[in-house]
Amino acid sequence: MKNEDLKGFVQEYLAENEAFVKENEVQISLEGEKGNYIKMDKGASKRVSDNLFTNSIRYREKKTGRIEIAIRKMSDKVFWSVKDDGTGVAESDLEKIFESFCRHIKLKKYLFPD
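Numbering (full-length UniProt numbering), first residue to last: 1 to 114.
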């Protein structure tokens with residue numbers, strides 16, 4: 001793992017995926033200052049980003065979507081938040097969200113109609 005500028009990483013990721021973003025009609029905003037360095041595995045961070053963005057697109061309710069990314073430093077910690085206008089996760093499912101192959105129960109009806 002290396003020290004990486006988080007905003008620089010996100011900007012690079014978005015540039016690499018610009019065609020995907022346009023094709024899926026997603027507007028992305030990015031807030032935060034450069035210079036917030038964190039130790040990161042870029043490969044693992046790209047996989048996390050891929051999951052966040054593909055899920056945001058897959059589970060949206062409208063044809064177009066919006067994703068808001070914010071990078072904030074508080075004391076000695078750096079926070080990276082991603083917010084979208086999708087369906088969200090039910091509070092009852094939050095504790096299961098990091099389990100392998102977990103899918104939001106409410107959305108199963110959209111993915112596999114009866």
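For glycine and all other residues, C-beta sits at the position ideal for the given N, C-alpha and C.
Problem set entry | Cβ pair G65, V26 closer than 8 angstroms | yes
Exercise. Mind checking whether the beta-carbon of I28 lies closer than 7 angstroms to any heavy atom of the ligand GDP?
Worked result: Absent from the structure shown: the ligand GDP. Ligands present: none.
Exercise. Roughly how many angstroms lie between the CA atoms of I105 and R60, to the nearest whole one?
Worked result: Unreliable positioning characterises I105 in this predicted model, as indicated by a pLDDT of 49, which lies under 50. The coordinate reading is nonetheless provided below. Those two C-alpha atoms are separated by around 15 angstroms.
Problem set entry | Three-state class that DSSP yields for Y59 in the structure shown | coil
Problem set entry | Residues bridged to M74 [DSSP beta-bridge criterion] | K77
Exercise. Which residue or residues does DSSP assign as beta-bridge partners of residue 115?
Worked result: Residue 115 is absent from the model: the chain starts at 1 and stops at 114.
Exercise. Does the count of Cβ pairs from the segment 31-51 and the segment 62-81 closer than 8 angstroms reach three?
Worked result: yes
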